[in-house]
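Here the sequence shown stands for residues -22 to -1, 1 to 312, numbered as in mature numbering (1 follows the signal peptide of the UniProt record, and there is no 0).
Structure, as structure tokens:
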Amino acid sequence: MDGKLKISVGAIVLLAASTLSAAANEKVTFGTNWLAQAEHGGYYQAAVDGTYAACGLDVTIMQGGPQVSGRPLLLAGKIDFYMGGNMLQAFDAVQQEIPLRVVAASFQKEPQVIMAHPGQGLDKWEDLKNADQYIIADEGAQSFFQWMVTEFGFDPAKRVPYTFNPAPFIANPKSIQQGYVTSEPHAVAKEGGFQPNLFLLADYGFDTYATTIETMQATIDKRPEVVQCFVDGSAKGWYNYLYGDNAAANAAIKKDNPDISDEQIAFSIEQMKKFGIVDSGDTEKLGIGAMTDARIQSFYDKMVKAKVVPAGVDITKSYTLAFVNKGVGIELKK
């Protein structure tokens, strides 16, 4: 089945010690927001190694892509969970009075980086605004770039559109460019023959959660055990993917996305570990998927200051902490 990974559940073991467990073999669909890749590895891991099945879920992963719009399917009740980008989408849902909730944050840090050429006077974060050109996509220009302008004095007049082709950046040593720490640096190294300087926005204050798990309030109300199983299973999946045997998960990723290479997958995993994308900060005590009120409030306040979102949004309606911060899976970290 193109675009989907179907996990058949055999014998379902319902843990006697668990106070919440889904009905055996309950079918749920999780929509990702892009083509299958290592950045989705924890979900594929939990699907292929039986972690979701252990608490009663038969999970279908429906991969996204350039022609797939997953969030409308969530709103229409066609899928059960969706992979959000960062908290801005959840804030927007509140403004539109859509009863959507973030129930876990698989990424503690958004993987967004700014890249610069080494040895060009662009070796420190505070130097980057002096670049001749900022190559930033339209979506970034309306979100994190506004924060860069407000907080650090970047010049909006220097911004040019990023078309997801690294050639202009490679050709202009005085330029900087956005990218994902798990992706674009690899392409630049291969095509440009140099290792770019990397500045992870999260490490300079862009403190959104990312690769969130979204669901509708109705699912939380009517099927809380399903939500808990999926959140817990995803956390365990991420631990096993990052620190255990991930060969079967990578095979499933490559089945869904045959164009991805082993080299790219290995690079992405290495970068996720190196930069603490999935497992850092609060996850060390609270477990993967962790979220806090203070962190979400901090990000919202920054976005209000940058005029990305309006003041007065009741952001408590954008998420719930009911299913996270329980330390699930920490013992799997090796």
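Each residue gets a CB set at the ideal place from its N, CA and C atoms; glycine is no exception.
Notebook entry, point to check: What first and last residue would you give for the beta strand (DSSP E) that runs through residue 112?
Noted result: Start and end: 111 to 113.
Note to self: In the DSSP output, what is residue 36 paired with across the bridge?
What the structure shows: In the DSSP output, where bridge partners are listed per residue, residue 36 has 5.
Item checked: 7 Å Cβ shell around residue -14 - same chain, five flanking residues per side excluded -> The predicted model places residue -14 with a pLDDT of 34, which falls under 50 and marks its position as unreliable, so this point remains unresolved.
Next item on the list: Taking residue 202 as the reference, give the member of 26, 54, 300 with the closest Cα.
Entry: Just measuring C-alpha positions, the residue of 26, 54, 300 sitting nearest residue 202 is 300.
Margin query: I need the straight-line Cα distance from residue 79 to residue 231, nearest angstrom please.
Written below: So the two alpha carbons sit approximately 27 Å from each other.
Margin query: Output needed for residue 205: all residues of its chain with C-beta closer than 7 Å, excluding positions within five of it in sequence on either side, in chain order.
Written below: Contacts found: 81, 193, 197, 198, 301.
Checklist line | Buried versus exposed, by CB contacts within 10 Å (16 or more), residue 290 | finding: Looking at its Cβ environment, which holds fewer than 16 other Cβ atoms inside 10 Å, residue 290 is exposed.
Next item on the list: Please look up how many angstroms separate the CB atoms of residue 71 and residue 276, rounded, as I've assumed it's under 8 Å.
Entry: Rounded, the Cβ-Cβ distance is 19 Å, inconsistent with contact.
Note to self: What ranges does the alpha helix (DSSP H) occupy inside the region 18 to 75, keeping only unbroken runs of at least 4 residues that lie completely in it?
What the structure shows: For the region 18 to 75, whole alpha helix (DSSP H) runs of length 4 or above, ordered along the chain, are 19 to 26, 29 to 32, 48 to 53, 65 to 73.
Note to self: Mapping the DSSP letters down to three states, classify residue 85 as helix, strand or coil.
What the structure shows: In the three-state DSSP reduction, residue 85 falls in the strand class (E or B).
Item checked: For residue 131 and residue 38, the rounded distance between their alpha carbons -> Answer to the nearest angstrom: the Cα atoms are 45 Å apart.
Note to self: residue 146 and residue 113 - do their beta-carbons sit closer together than 8 Å?
What the structure shows: Contact flag set, yes.
Next item on the list: Tell whether a beta-carbon distance below 8 Å holds between residue 93 and residue 175.
Entry: The beta carbons of residue 93 and residue 175 sit closer together than 8 Å.
Margin query: For the alpha helix (DSSP H) containing residue 203, name the first residue and the last one.
Written below: Where residue 203 is concerned, the enclosing alpha helix (DSSP H) starts and stops at 202 to 221.
Next item on the list: Check whether the region 257 to 266 touches the region 37 to 54, counting contact only when three or more Cβ pairs, one atom from each stretch, lie closer than 8 Å.
Entry: The answer is no - the region 37 to 54 does not touch the region 257 to 266, with fewer than three Cβ pairs under 8 Å.
Checklist line | residue 275 - DSSP class collapsed to helix/strand/coil | finding: Of the three classes helix, strand and coil, the one that applies to residue 275 here is helix, per DSSP.
Notebook entry, point to check: Alpha carbon to alpha carbon, what distance is there between residue 223 and residue 97?
Noted result: Roughly 39 Å between the two C-alpha positions.
Notebook entry, point to check: Are residue 84 and residue 7 touching if we call contact CB-CB under 8 Å?
Noted result: The Cβ-Cβ distance between residue 84 and residue 7 does not fall below 8 Å.
Item checked: Cβ-Cβ distance between residue 23 and residue 215 below 8 Å -> Taking the C-beta atoms as reference points, residue 215 is found nearer than 8 Å to residue 23.
Note to self: Once the 5 residues before and after residue 64 are set aside, which same chain residues still bring their CB inside 6 Å of it?
What the structure shows: Result list for residue 64: 88, 186, 188, in chain order.
Next item on the list: Could you give the DSSP three-state label for residue 299: helix, strand or coil?
Entry: Secondary structure of residue 299 (DSSP, three-state): coil.
Check: Do the region 166 to 180 and the region 42 to 55 make contact, defined as three or more Cβ pairs closer than 8 Å?
Finding: No, the region 166 to 180 is not in contact with the region 42 to 55.
Next item on the list: Between the Cα of residue 279 and those of 236, 218, 29, 292, spot the shortest distance and give me the residue it belongs to.
Entry: Closest by alpha carbon: 292.
Note to self: Give me the DSSP bridge partner(s) of residue 153.
What the structure shows: Checking the DSSP bridge columns, you'll see residue 153 partnered with 111.
Check: DSSP state of residue 228, grouped into three classes?
Finding: In this structure, residue 228 counts as helix in the three-state DSSP scheme.
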